[in-house]
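A.B. asks: Please find one structure pasted underneath; my questions will follow.
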Amino acid sequence: MIDSHCHLEQKVYEKDLDDVIGLCKKEGLKALVTVCADPKDFDKSLEIVDVYPDYVFLCASIHPEFIKDITARQVDNYFDRLKESKDKLVAVGECGLDYFWVKEDDWREKQKELFIRHIELSKELNLPLVIHSRDAWEDVLKILEQEDVKKALLHFWGSRELMPRVIENNYSITIGPLIARSKNHKKIVRDTPLENILLETDSPWFGQNGEKGVPTNIKIPCEKISEVKKLNFGEVWNKCGNNTKKFFSLPI
Ligand SMILES: [Zn+2]
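Written out as structure tokens, the structure is:
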């Protein structure tokens, strides 16, 4: 198993990242994909992948939620850095649209422009895309189709209605610990082939019992998927892990 989406550069791991990673290894996780979603976290993220080579892999972009906080110049500089660091990246993301936090039409338009720039970057670097689409499901799919994106991972996908279109495009989705309390996510899993499912924790978010999230919580979505699909735990664990390895072309 691999946690295909966590944020290890977050401050809450400052003191115990080594212990967290040690525990992941002990519990059989083969790799972690850490997601840098803010230019100011990029240095820290690069440092982490250097400390844990062939175990922590990096995916980077600008989260759509930050659209109001970033200038055109900062975007340009960051994109230059991503290009320079291409060899350290396994994907571009999480980029996309967020209509939950951003309600104004003009800011949503800006999100779309930035999303398209990320898509162009992913094509230039020949890397797959990891997409954030909170409450913007339809627009995200429309843009991916318009831009003829072939390889996309829809992080935390929540639209059951649009699932047939996702499958038709052969995009993948991630399922996280939220599935334990979400009927919607259980139904999405029921209707989606296991080939299109990757597991994630989005740590440090979605922690259990008020604690910070850790990648070993990957067992939660794995367990729930095996219940919904009536498969054994080991089968889901291996298959979803392989899906992640394949999606990001991880050299492990
Ligand atoms: Zn995330």
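Residue numbers for the sequence shown follow the numbering used here, beginning at 450 and rising by one.
Note that CB positions come from ideal geometry on N, CA and C, so glycine has one too.
Since this is a predicted model, take the numbers as computed values, not measurements.
Taking only heavy atoms of ligand 1 into account, decide whether any of them is closer than 8 Å to the Cβ of A486.
C.D. replies: Correct: A486 has its Cβ closer than 8 Å to ligand 1.
A.B. asks: If you reduce the DSSP assignment to three classes, tell me which class D487 lands in.
C.D. replies: Coil at D487, not helix or strand.
A.B. asks: Quick check: the region 544 to 551 against the region 570 to 586, are there 3 or more CB pairs under 8 Å?
C.D. replies: With the cut-off at 8 Å, the region 544 to 551 and the region 570 to 586 touch.
A.B. asks: Which ranges does the beta strand (DSSP E) cover as unbroken runs of at least 3 residues, wholly within the region 468 to 527, from first to last along the chain?
C.D. replies: List check, beta strand (DSSP E) in window: 480 to 485 and 505 to 509.
A.B. asks: DSSP three-state label for G545, please.
C.D. replies: Strand.
A.B. asks: Please determine whether the Cβ atom of H567 lies at a distance below 8 Å from any heavy atom of ligand 1.
C.D. replies: Not under cutoff, so the answer is no.
A.B. asks: For L578, decide whether its Cβ has a neighbour in chain C, counting only Cβ atoms nearer than 9 Å.
C.D. replies: The structure shown contains no chain C; it holds only a single protein chain.
A.B. asks: Whole angstroms is fine: what's the gap from F491's alpha carbon to K517's?
C.D. replies: Spanning the two alpha carbons is a distance of roughly 19 Å.
A.B. asks: So, R614 versus L578, is the Cβ gap smaller than 9 Å?
C.D. replies: Contact flag unset, no.
A.B. asks: Could you spell out where the beta strand (DSSP E) holding I646 opens and where it closes?
C.D. replies: Here the beta strand (DSSP E) through I646 covers I646 to L648.
A.B. asks: Note down, in chain order, each residue of its chain lying with its Cβ closer than 7 Å to the Cβ of L647, except the 5 sequence neighbours on either side.
C.D. replies: S453, L602, S621, T623, C689, N692, T693 and F696, listed in sequence order.
A.B. asks: Indicate whether the contact test is met: 3 or more Cβ pairs, each with one atom in the region 626 to 635 and one in the region 653 to 666, closer than 8 Å.
C.D. replies: They touch, by the three-pair rule.
A.B. asks: Taking the alpha helix (DSSP H) that H567 falls in, what are its first and last residues?
C.D. replies: Segment D554 to L574, the alpha helix (DSSP H) holding H567.
A.B. asks: Rounded to whole angstroms, what's the CA-CA distance from L538 to H567? Just pull it up for me.
C.D. replies: Their Cα atoms are separated by approximately 14 Å.
A.B. asks: Does the distance from the C-beta atom of L546 to that of F564 stay below 9 Å?
C.D. replies: Contact flag set, yes.
A.B. asks: In the DSSP assignment, the alpha helix (DSSP H) including S453 goes from what residue to what residue?
C.D. replies: First-last for S453: I451 to C455, but that is the beta strand (DSSP E), not the alpha helix (DSSP H).
A.B. asks: Sort out for me which residues DSSP pairs A540 with in a bridge.
C.D. replies: In DSSP, A540 forms a bridge with C508.
A.B. asks: Looking at the strands, I want to know which residues DSSP matches up with A601.
C.D. replies: The partner list for A601 (beta bridge, DSSP) reads L578.
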